[in-house]
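Here the numbering used here runs 10 ahead of the position in the sequence shown, where the first position is 1.
What follows is a single structure, written as structure tokens, with notes after it.
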Amino acid sequence: AESPVAVLEQKTRMIENFFNNQLPAGSAYLKVGALDKLMGFELYYTTHPDQAPYQFDGVIGVESGVTKLYFPLVRTGADWQSTLRMTNLAAVANSVTVHAYDINGASKGDYATNLVAKGKLDMGLSAMFPSTVNEIAWIYVESADQVIGDLFYVSVDQTKLSSYMGLGVSGD
């Protein structure tokens with residue numbers, strides 16, 4: 011879908027609005043392009059703004075990925091739900107491994123999967139590491155080809171919400 015943007019203009023829209031209020035079937039992510047420089051980010055929230063508790067956050071859009079990502083802060087335990095979202099930027103299948111560690115650097119397990127070409131992973135850490143999730147302090151992701159990734163976490167009572175992009179390794 012095309013949506014012209016004037017110089018210095020800001021457009022804030024629900025993603026569905028770019029596609030006549032209906033996302034194309036099977037949509038997994040959004041790719042935006044422009045002839046000139048463009049900055050973008052995704053905003054999200056936990057519930058309707060008129061209903062408490064209402065939490066709001068966002069992640070920045072990027073134009074390229076890496077093969078190594080660090081997530082130095084992971085919220086786990088009975089009060090938190092943490093979800094890892096990875097997008098395969100490659101036009102071919104991509105093997106991805108998530109390594110989990112505790113606060114002392116001891117391994118808490120590995121989760122390996124294959125992402126289809128241009129596919130994504132959207133999975134809770136409790137599903138990846140069911141027996142050790144409450145011990146995880148940070149995770150490291152490595153892949154055969156370029157990926158981008160975000161870690162989302164929300165308190166079970168939905169009063170706290172945050173996310174951040176994985177930190178790429180310099181020179182990767």
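We put the CB at the ideal spot given by N, CA and C, even for glycine.
In chain order, each beta strand (DSSP E) run of at least 3 residues that lies wholly inside the segment 146-172: Taken in chain order, the unbroken stretches of beta strand (DSSP E) that lie wholly in the segment 146-172 and span 3 residues or more are 148-165.
Per DSSP, the bridge partner or partners of residue 124: 105, per the DSSP bridge assignment.
Cβ contact check for the segment 115-133 and the segment 163-180: 3 or more pairs under 8 Å: No, they do not touch.
Limits of the beta strand (DSSP E) - the one that residue 94 falls within: That run of the beta strand (DSSP E) goes 90-98.
Residue span of the beta strand (DSSP E) that contains residue 79, given as start and end: Where residue 79 is concerned, the enclosing beta strand (DSSP E) stretches over 76-81.
Cβ distance (whole Å) where residue 102 is taken to contact residue 160 below 8 Å: Actually they are not in contact, since the Cβ atoms of residue 102 and residue 160 sit about 22 Å apart, beyond 8 Å.
Cβ contact check for the segment 163-174 and the segment 96-111: 3 or more pairs under 8 Å: In the pairwise beta carbon analysis, the segment 163-174 is classified as not touching the segment 96-111: fewer than three pairs are separated by under 8 Å.
Cβ distance (whole Å) where residue 75 is taken to contact residue 99 below 8 Å: That pair is a contact at about 4 Å.
Anticipated Cβ contact below 8 Å, residue 189 with residue 93, distance rounded: Coverage of the chain is limited to positions 11 through 182, which leaves residue 189 absent and any answer about it impossible.
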